[in-house]
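Below is one structure, written out as structure tokens, with a few remarks after it.
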Amino acid sequence: MDIRQLKYFIAIAESKNLSRAAKSLFITQPTLSQTIKKLESELNTVLFKMTDEGMMLTETGQVLYDDGIKIIEDFEKLIDKVSQYKQQPIEKIKVGLTTLFAIQFMKQISHFIATHSNVELAIFQDGSRQLQKMLVDKEIDVGLLSFPQLYPEISIEPLATSTQGYWVSVVIPENNPLANKEAIQIIDLKGQNISSLTHHFMLGEMLTRSCHAAGFDPNIVFMHNDWAVLLHSLKELNAITILPSEFQALSDNKGLKWIPFVEKNNFYPIGIATRKDFVTTSAIQEFIDAIKSN
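Residue numbers (the working numbering): 1 to 294.
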């Protein structure tokens with residue numbers, strides 16, 4: 001027996017007439033008659049008896065009717081509940097983060113997505129400098145990015161989690177004379193071919209600024225937003241690059257050395273950034289709390 005058969009049975013029981021029940025169900029009378037005969041055969045019982053007052057319920061028919069009404073009511077309540085759940089408005093949260101932070105916080109992001117079916121998480125990956133601008137331009141709602149703060153329109157809350165920022169390394173082919181150094185300063189980059197992150201990134205902007213402060217122009221031969229592309233370019237271009245040290249564990253490039261960069265800009269703390277005029281919804285706050293659980 002299924003819900004359809006039960007509904008057909010109840011329609012006959014309430015109308016006491018096969019023809020009227022068929023019309024109310026928008027089916028033919030023969031179809032309804034066959035359905036009830038099949039139901040009686042499945043249950044091995046007689047559900048109706050013919051009387052002068054019409055089709056009346058037998059004793060077993062009355063039991064099925066009484067319990068069937070409750071089943072239909074519960075079923076319809078369930079359908080309404082599911083329908084309302086599906087019709088709940090989907091909140092879209094636009095989150096900006098760097099490739100490094102996407103990797104470091106993927107567990108928390110994945111858990112949030114899995115537990116918030118009514119939220120659509122749109123993720124934008126770029127450098128921290130560009131993400132701060134995207135916040136100001138209202139292209140994203142929340143940014144997981146590194147300091148320093150560049151715009152007064154936003155605020156960045158430092159993360160006091162297991163991941164609080166990243167250190168910086170200079171990546172050098174093993175045959176480069178600088179590969180013998182224990183640590184590298186900005187002045188050591190003078191005269192070197194450099195593959196650099198773009199100015200969308202704090203490191204890309206820092207490189208140019210720090211070199212100028214040291215009295216020379218950096219010899220940038222290649223720029224890209226993808227750290228993996230930069231690593232692949234080093235041997236071909238006889239170049240070096242500056243990247244977060246945390247990428248070393250993710251890199252399988254052979255013949256490269258990661259040497260600590262010892263300058264005042266060798267550590268970049270990170271935080272959760274929002275616009276100061278932005279109204280934080282409960283879903284966004286739950287996302288921020290998820291990131292803080294790292």
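We treat Cβ as the ideally placed atom computed from N, Cα and C, and that holds for glycine.
Please read these numbers as outputs of a predicted model, since none were measured by experiment.
Have a look at the DSSP bridge pairing and note the partners of Arg-275. Here residue 275 refers to the residue found at position 275 when the sequence shown is read from its first residue. Arg-275 is bridged to Ile-154.
Give me the Cα-Cα distance between Leu-78 and Glu-42, rounded to the nearest whole angstrom. Counting from one through the sequence shown, the residue named residue 78 turns up at place 78. Counting from one through the sequence shown, the residue named residue 42 turns up at place 42. Straight-line Cα distance between these residues: approximately 26 Å.
Anyone know if the C-beta pair for Lys-190 and Phe-216 falls short of 8 Å? Counted from its first residue, the sequence shown places residue 190 at position 190. Counted from its first residue, the sequence shown places residue 216 at position 216. Closer than 8 Å, so yes.
Let me make sure I understand the geometry here. Which of Gln-125, Gly-68, Val-142 and Ile-36 has the alpha-carbon closest to that of Met-55? Translated into the one-based positions of the sequence shown, residue 55 becomes position 55. That would be Ile-36, whose Cα lies nearest to the Cα of Met-55.
Taking the alpha-carbon positions, what's the Asn-118 to Val-262 distance? By 1-based counting over the sequence shown, the position of residue 118 is 118. By 1-based counting over the sequence shown, the position of residue 262 is 262. Put simply, the backbone Cα of Asn-118 is about 46 Å away from that of Val-262.
For Asn-176, count neighbouring Cβ atoms within 10 angstroms of its own Cβ and tell me buried if that reaches 16, exposed if not. Counting from one through the sequence shown, the residue named residue 176 turns up at place 176. By the neighbour-count rule (16 or more Cβ atoms within 10 Å), Asn-176 is buried.
Look at Asn-238 and Asn-180 and say whether their C-beta atoms are less than 8 Å apart. On the sequence shown, residue 238 is found 238 positions in, with the first residue counted as 1. On the sequence shown, residue 180 is found 180 positions in, with the first residue counted as 1. Contact flag unset, no.
Buried or exposed, going by whether 16 or more other CB atoms sit within 10 Å of the CB of Ala-347? Not covered by the structure: residue 347. The range shown for the chain is 1 to 294.
Need the endpoints of the alpha helix (DSSP H) that Pro-89 sits in, please. Looking up residue 89 in the sequence shown gives position 89. Segment: none, Pro-89 is in no alpha helix (DSSP H) and carries neither H nor E.
Residue environment, Trp-227, which counts as buried when at least 16 other CB atoms sit within 10 Å: Numbered from 1 along the sequence shown, position 227 holds the residue referred to as residue 227. Classification for Trp-227: buried.
Straight-line CA distance for Phe-247 to Ile-90? Start at 1 with the first residue of the sequence shown, and residue 247 comes out as number 247. Start at 1 with the first residue of the sequence shown, and residue 90 comes out as number 90. Roughly 35 Å separates the two Cα atoms.
Would you identify the three-state DSSP class for Gly-255, choosing helix, strand or coil? Stepping through the sequence shown from its first residue, residue 255 is reached at position 255. It is coil, neither helix nor strand.
Quick one: what's got a C-beta closer than 7 Å to Leu-200's C-beta in the same chain, skipping five residues either side? For the purposes of this step, residue 200 is identified with residue 200 of the sequence shown, where counting begins at 1. A quick correction: the sequence has His, not Leu, at residue 200. Within the same chain, Asp-126, Gly-127, Arg-129, Gln-130 and Asn-225 come within 7 Å of His-200 by CB-CB distance, once the 5 residues on both sides are set aside.
So, helix, strand or coil for Leu-197, using DSSP? Position 197 of the sequence shown holds residue 197. Looking at Leu-197 - three-state DSSP - the assignment turns out to be strand.
Close-in-space but distant-in-sequence residues of the same chain around Ile-255 (CB under 7 Å, 5 per side omitted): Along the sequence shown, read from residue 1 onward, the residue named residue 255 stands at position 255. What sits at residue 255 in the sequence shown is Gly, not Ile. Excluding sequence neighbours, Gly-255 sits near Pro-173, Glu-174 and Lys-235.
Over the uninterrupted beta strand (DSSP E) stretch that includes Ile-113, give me the two end residues. As a first step, residue 113 must be located in the sequence shown, where it is residue number 113. Per DSSP, Ile-113 belongs to no beta strand (DSSP E); it is in the alpha helix (DSSP H), 106 to 115.
Distance between beta carbons of Gln-132 and Leu-150, contact taken as under 8 Å: Position 150 of the sequence shown, counted from the start, is the residue given in the question as residue 150. Position 132 of the sequence shown, counted from the start, is the residue given in the question as residue 132. Going by Cβ atoms, the distance from Leu-150 to Gln-132 rounds to 5 Å, so yes, they are a contact pair.
Put Gln-185 into one of helix, strand or coil per three-state DSSP. By 1-based counting over the sequence shown, the position of residue 185 is 185. Coil, per DSSP.
Given Gly-61 as reference, the closest of Tyr-166, Ile-10 and Phe-105 once Cα atoms are compared: By one-based count along the sequence shown, residue 61 stands at place 61. Out of Tyr-166, Ile-10 and Phe-105, Ile-10 has the C-alpha closest to the C-alpha of Gly-61.
Short of 7 Å in beta carbon distance, which residues of its chain neighbour Thr-45, apart from the five on each side in sequence? Order them along the chain. The count along the sequence shown starts at 1 and reaches residue 45 at position 45. So the qualifying residues of the chain are Thr-60.
With 16 other CB atoms within 10 Å as the buried threshold, where does Ile-186 fall? Along the sequence shown, one-based indexing puts residue 186 at 186. Ile-186 is buried by the Cβ-count criterion.
Burial state of Leu-250, where buried means 16 or more other Cβ atoms lie within 10 Å: Translated into positions along the sequence shown, residue 250 becomes position 250. Exposed, since its Cβ has fewer than 16 Cβ neighbours within 10 Å.
Between the alpha carbons of Lys-138 and Pro-218, how many angstroms are there, rounded? Within the sequence shown, numbered from 1, the residue matching residue 138 stands at position 138. Within the sequence shown, numbered from 1, the residue matching residue 218 stands at position 218. Cα to Cα, Lys-138 sits roughly 33 Å from Pro-218.
Using only CA atoms, which one of Gln-108, Leu-6, Gln-104 and Asp-141 lies nearest to Ala-122? Indexing the sequence shown from 1 puts residue 122 at position 122. Of the listed residues, the one whose Cα sits closest to Ala-122 is Asp-141.
Residues of its chain near Ser-169, where Cβ-Cβ distance is below 7 Å and the 5 sequence neighbours each way are ignored: Locating residue 169 in the sequence shown gives position 169, where the first residue counts as 1. Closer than 7 Å at the Cβ level, and outside the excluded window around Ser-169, lie Leu-243, Ser-245, Gln-248, Trp-258, Ile-259, Pro-260 and Phe-261.
When DSSP labels each residue in this structure, what does Ser-216 get in the three-state scheme? For the purposes of this step, residue 216 is identified with residue 216 of the sequence shown, where counting begins at 1. The question names Ser, but residue 216 in the sequence shown is Phe. Phe-216: coil per DSSP, three-state reduction.
Mapping the DSSP letters down to three states, classify Gly-330 as helix, strand or coil. Because the chain is modelled from 1 through 294, residue 330 falls outside the range shown and cannot be assessed.
Between the Cα of Glu-53 and the Cα atoms of Ile-72, Leu-18, Asp-74 and Asp-289, which residue gives the shortest distance? Mapped onto the sequence shown, residue 53 falls at position 53. For Glu-53, the nearest C-alpha among the options comes from Leu-18.
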